[in-house]
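Undergrad: Here it is, the structure, as structure tokens.
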Amino acid sequence: MQSRVKHIESLLSFGSTGVLIVGIWGMGGIGKSTTAEAVYNRNSHKFEGDCFFRNVREESKKHGVDHVRQEILGEVLEKKDLNIRTKVLAPDIKRMLQRKKVLIVLDDVKDPQHLKFLVGEDGLFGQGS
Numbered sequence: 611m612q613s614r615v616k617h618i619e620s621l622l623s624f625g626s627t628g629v630l631i632v633g634i635w636g637m638g639g640i641g642k643s644t645t646a647e648a649v650y651n652r653n654s655h656k657f658e659g660d661c662f663f664r665n666v667r668e669e670s671k672k673h674g675v676d677h678v679r680q681e682i683l684g685e686v687l688e689k690k691d692l693n694i695r696t697k698v699l700a701p702d703i704k705r706m707l708q709r710k711k712v713l714i715v716l717d718d719v720k721d722p723q724h725l726k727f728l729v730g731e732d733g734l735f736g737q738g739s
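Going by the numbering used here, the sequence shown opens with residue 611, and the numbers climb by one from there.
Take a look at the structure:
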């Protein structure tokens with residue numbers, strides 16, 4: 611387990627100035643979520659905003675992907691009352707996100723379009739995210 615965590619940390623290049631996305635995929639039951647959670651727990655303190663969101667697929671089915679995005683961004687921005695009513699983020703929300711170095715872990719994402727909607731917009735997060 612420790613070697614998998616260190617490998618993921620090396621892929622994330624903590625301390626770099628870019629914005630990185632790393633995916634972990636494989637068969638169920640091999641420890642993907644456990645590894646991702648361990649990386650998050652070891653490193654979230656290095657970021658200005660963070661979120662570990664479990665069961666993206668299930669939560670998107672229950673409440674919609676818009677709700678999931680609102681929950682994630684509310685957690686990252688530390689604004690539990692955040693209310694996003696449009697597909698396009700308001701300029702003030704974008705500016706807040708662009709100024710923050712964030713760590714976001716999304717567990718159990720099956721739909722690539724969901725991933726793109728939740729975190730895929732270029733330039734949305736601050737350098738080092």
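Heads up, the beta-carbon is just placed ideally off N, CA and C, and yes, glycines get one too.
1) Where does aspartate 702 fall in DSSP's three states?
2) Quick check: glycine 733 and lysine 711, are their CB atoms within less than 8 Å of each other?
3) What's the C-alpha gap between leucine 621 and methionine 706?
4) Return the CA-CA distance between aspartate 721 and glutamine 680, expressed in angstroms with no decimal places.
5) Ignore the nearest five residues each way along the sequence and tell me which others in glutamate 685's own chain have a CB closer than 6 Å to its CB.
6) If you draw a straight line from the C-alpha of serine 626 to the C-alpha of valine 715, how long is it?
7) For lysine 643, I'd like the list of residues in its chain whose CB is within less than 6 Å of its CB, leaving aside the five on either flank, ordered along the chain.
8) Short of 8 Å in beta carbon distance, which residues of its chain neighbour asparagine 693, apart from the five on each side in sequence? Order them along the chain.
9) Can you find the residues in the same chain that come closer than 6 Å, C-beta to C-beta, to leucine 725, ignoring five residues on each side of it along the sequence?
10) Thinking C-beta only, is valine 629 closer than 8 Å to phenylalanine 735?
11) Can we count arginine 667 as close to the ligand FAD, meaning its CB is less than 7 Å from some heavy atom?
12) Roughly how many whole angstroms lie between the Cα atoms of arginine 667 and threonine 645?
13) Take the Cβ of valine 698 as the centre, count every other Cβ of all protein chains shown within 10 Å, and call the residue buried at 16 or more, exposed below.
TA: The answer reads as follows:
1) Looking at aspartate 702 - three-state DSSP - the assignment turns out to be helix.
2) No, the pair does not count as a contact, with Cβ atoms beyond the cut-off.
3) Cα to Cα, leucine 621 sits roughly 26 Å from methionine 706.
4) In this structure, the straight-line span from the alpha carbon of aspartate 721 to that of glutamine 680 is close to 18 Å.
5) Annotation for glutamate 685: Cys661 place their beta carbon closer than 6 Å to its own, counting only its chain and skipping 5 residues before and after.
6) The alpha-carbon atoms of serine 626 and valine 715 are separated by roughly 18 Å.
7) According to the sequence provided, residue 643 is serine. The question's lysine does not apply to it. Excluding residues within five positions, the ones whose Cβ falls inside 6 Å are Asp717.
8) If the five residues before and after asparagine 693 are omitted, its C-beta is found closer than 8 Å to the C-beta atoms of Gln680, all from its own chain and listed in chain order.
9) Apart from the 5 residues on each side of it in sequence, leucine 725 sits with its Cβ closer than 6 Å to the Cβ of Val719 in its chain, given in chain order.
10) The beta carbons of phenylalanine 735 and valine 629 sit closer together than 8 Å.
11) The ligand FAD is absent from the structure shown, which contains no ligand whatsoever.
12) Linking arginine 667 to threonine 645 through their CA atoms gives a straight-line distance of about 18 Å.
13) The residue is exposed, with fewer than 16 neighbouring Cβ atoms inside 10 Å.
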